[in-house]
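Notes follow the structure.
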Amino acid sequence: MSFHSQLIDLLKTDPRFVDDDGELILAAVQNAAWKIDHDLIKLLLSKKEIKAKFFDEIEGHWIFNINTFLEYISQKNFLDNSYTRFRNRIGLTIGEKYLRERGEVALAWPYKDGYLEGGQTKEEEKRREIFFNEVLAQDEINRLLDPKVLTRFTRYTAKGKEKVTDFRRDENGVMRENLILKGNNLLALHTLKTQFRGRVKLIYIDPPYNTGNDDFKYNDNFRHSSWLTFTKNRLEIAKVLLREDGVIFVNCDDNEQAYLKILMDEEFGQENFVANFIWNHRKSSQNDIDVSLSHNYILCYARNRQHFKLNPLGIDEGKFGNPDNDPKGDWVADPMDAPNIRPNLTYEIENPNTGEKFLPPEGRCWRFTKEKYQEAFAEGRIIFGKTGKGRPQYKRYKFEAEARGTNPFTIWDDVGTATEATKDLMKLFASKQVFSTPKPERLLERIVHVSTNLNDIILDFFIGSGTTAAVAHKMGRQYIGIEQMDYIETIPVERLKKVIAGEQGGISKSVNWQGGGDFIYCELMKYNEAFMERIQAARTSEELVKIWREMAENSFLNWYINPKMPEEAIKDFEALGTPTVPDGTNPPNPKDWGEAGRGLEKQKHLLAELLDKNQLYVNLSEIDDAQFKVSKEDKALNRKFYGE
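Following our numbering, the residues of the sequence shown are numbered contiguously, the last one being 1684.
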């Protein structure tokens, strides 16, 4: 056995250095070496030949030569398997170093369900997921975020589909159309900034919760560091779209709530924190876990706290009564004390029934000056408890409360549950459970009510089942929904068509919804993204080789890739492949296909690396390039959309 093989086999005996496919994770070994990890040192000392190679003996002590070790395992031919040989031959190394190890690269997140390669926990180190994550040179990233060409414009009305010929705008030139946009949400948000910068009043998002729940139609398996990077990039551009008096609500659970709070403090400023609303989303008990999970968090931040105020809610009529037959009507007794002590608000109040004198509680003051208190007492608005022997209280009349409303509480247990949302959605889709984690319309009604007014613009860039758009439509708000997954047409678009037709589920009766309105559906125009989707859908090695040949002819490959497909590289690629997946099988996860799935996934990873991620979609600046075949109709509509 060669020295290479001995060292690799030895390192593989440590489970920290092996991924789910049994392959060595060099990044984990390098990290352990830099830390002078004791277990790694013991391992290397256990073999005579390896000990002699990487240790120097000084006066009876063996000293680890870390530079020699790192240099040896970092050489590009160290892992001389088909996977590595392919990367070397096709051009995925530069100057004897793997591209991802070079200092002049930066991580970019063009995918909603992406993974960062590597990490700081054992769980992250065991993953070698690179399919939805790439390293891009910093000077290339700007093109990634350029506005994109839009295509497949369709207007949906009560009469059905119509061609889009123009876009409604107000007197200030602001687009006044409901939009449902298919495409990568990070790139779509940057596309929208030309038209909606500083125009959005409310952003509500329900991003992946990072729970590992495979039923969710996103890849919901980020770990903390990668999930936060993924979220940060989207919050940065979302903030640009908000109005100065705008607000953002972000739904999450215990997995990321504390991390998300810190991230949003950083992005929006601690001074712009409004509240952390607690939504009681489950009323039934869970018996299959130690603690039954009953609530989610909804973090709320203003774009600028000085310009933002939540709208009040309606009153709870059950709290009001008229036990003393007050001619002004029903009332409720409010405390007389208030925060923010001021000298002129601190004085004695005597109970006329008992003679007892009261001062405000410690750290507080009365809500009125002494003069205003005496006026209120003369008007009969001051009472002293139910028996007349207590502390002073102030009558608040029902008609006053109705005019002012009630400030929202931070605990929401009256806005529906996840079960209610699922049942409502099933009614719309013939008893089929089309989405596993919908939000109830009553929850979004509360958020829309407290944060917006008629015709304000609402944005949801994880549109999911379409609850936000459905509620916004029924409540007379303009909305923008973004989704990358194919179910955008089968779930949210279909749901909105039912809303236009006047469906009576959810909040329809409470807001007297009768149907009507319209929305426009469009897509980011794909280029390399189309190859990405074909790679994902491929079921055999033969299909992937065919896709590779087409990519070499018709796609934008990374600049360091050899487009000529060297014969040796093809052999190495095919060596990774496995037999065709049997016809008729369609498990949700290719890894369930056993060895066939693992070999196929490796080939998919390799092909995905070849594509230039700056060209996933067609940039607006290249709309007239004949290579992209943008139709005359789409060119005209794009110019109208972008106001050119």
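Ideal Cβ placement from N, Cα and C applies to all residues, glycine included.
Apply the 10 Å Cβ neighbour rule to Lys1472 and answer buried if 16 or more other Cβ atoms are within range, or exposed otherwise.
exposed
Nearest-angstrom Cα distance between Gly1516 and Leu1499?
14 Å
In the DSSP assignment, what are the bridge partners of Gln1433?
Pro1375 and Ile1423
Mind checking Arg1239: buried by the 16 CB within 10 Å criterion, or exposed?
buried
So which of Asp1370, Thr1053, Leu1190 and Ala1092 has the shortest CA-CA distance to Lys1672?
Leu1190
Would you list the residues sitting across from Lys1566 in a DSSP beta bridge?
Tyr1657
Buried or exposed: which applies to Leu1399, given that a residue is buried once 16 or more other Cβ atoms fall within 10 Å of its Cβ?
exposed
Beta-carbon contacts of Arg1436 that lie in its chain and below 7 Å, excluding the five residues immediately before and after
Trp1371, Val1372 and Asp1374
How about the segment 1452 to 1466 and the segment 1384 to 1404: do they share at least three Cβ pairs that are nearer than 8 Å?
no
For a test of the three-state rule: what should DSSP assign to Val1331, helix, strand or coil?
coil
Within its chain, find whatever has a CB closer than 8 Å to the CB of Gly1369; leave out the 5 residues flanking it on each side and keep chain order.
Asn1362, Tyr1437, Lys1438 and Phe1439
Could you name the residues of the same chain whose beta carbon sits closer than 6 Å to that of Ile1389, not counting the 5 residues immediately before and after it, in chain order?
Phe1398 and Pro1432
Between Ile1048 and Leu1064, which are expected to be in contact by the criterion C-beta below 8 Å, what is the C-beta distance as a whole number of angstroms?
6 Å
Of the choices Ile1503, Leu1536 and Thr1507, whose alpha-carbon is the least far from that of Met1525?
Ile1503
Determine the direct distance from the alpha carbon of Asp1054 to that of Glu1099, and round the result to whole angstroms.
30 Å
Just verifying my parser: in three-state terms, what is the DSSP assignment at Glu1063?
coil
Own chain partners of Asp1664 with C-beta closer than 7 Å, once the 5 adjacent residues on each side are dropped:
none
Can you give the Cα-Cα distance for Asn1312 and His1335, rounded to whole angstroms?
24 Å
Does Thr1191 come out as helix, strand or coil in the three-state DSSP assignment?
strand
I need the straight-line Cα distance from Gly1358 to Thr1446, nearest angstrom please.
14 Å
Euclidean distance between Cα positions of Asp1652 and Arg1574
15 Å
Just how far apart, CA to CA, sit Glu1202 and Lys1680?
17 Å
Terminal residues of the beta strand (DSSP E) in which Asp1096 lies
Phe1095 to Ile1098
Going by the CB atoms, is the gap between Ile1245 and Val1204 shorter than 8 Å?
no
Output yes or no for whether 8 Å exceeds the beta carbon distance between Ile1540 and Gly1555.
yes
Taking buried to mean at least 16 other C-beta atoms within 10 Å of its own C-beta, is Phe1571 buried or exposed?
buried
For the alpha helix (DSSP H) holding His1513, just list the boundary residues, first then last.
Thr1507 to Lys1514
Counting only the same chain and skipping the five closest in sequence on each side, list residues whose C-beta sits under 7 Å from that of Ile1103.
Phe1095 and Asp1096
Consult DSSP for Arg992 and reduce its assignment to one of helix, strand or coil.
Beyond the ends of the chain as shown, which are 1041 and 1684, falls residue 992; an answer cannot be given.
Please state the DSSP three-state secondary structure of Ala1148.
At Ala1148 the pLDDT is 39, less than 50, meaning the model places this residue with poor confidence; the figure from the coordinates comes in the next sentence. The answer is strand: DSSP assigns Ala1148 an E or B state.
Can you find at least 3 beta carbon pairs, one from the segment 1300 to 1311 and one from the segment 1350 to 1357, that sit closer than 8 Å?
no
With 16 other Cβ atoms within 10 Å as the buried cut-off, status of Trp1588:
buried
For Ala1228, the nearest candidate out of Val1658, His1321 and Val1670 (CA to CA)
Val1658
Could you tell me the alpha carbon to alpha carbon distance between Asn1071 and Ile1106, rounded to whole angstroms?
11 Å
Excluding the five sequence neighbours on either side, which residues of its own chain have a C-beta within less than 7 Å of the C-beta of Pro1603, listed in chain order?
Ala1592 and Leu1597
Rounded to a whole number of angstroms, what is the C-alpha to C-alpha distance between Ala1510 and Lys1669?
35 Å
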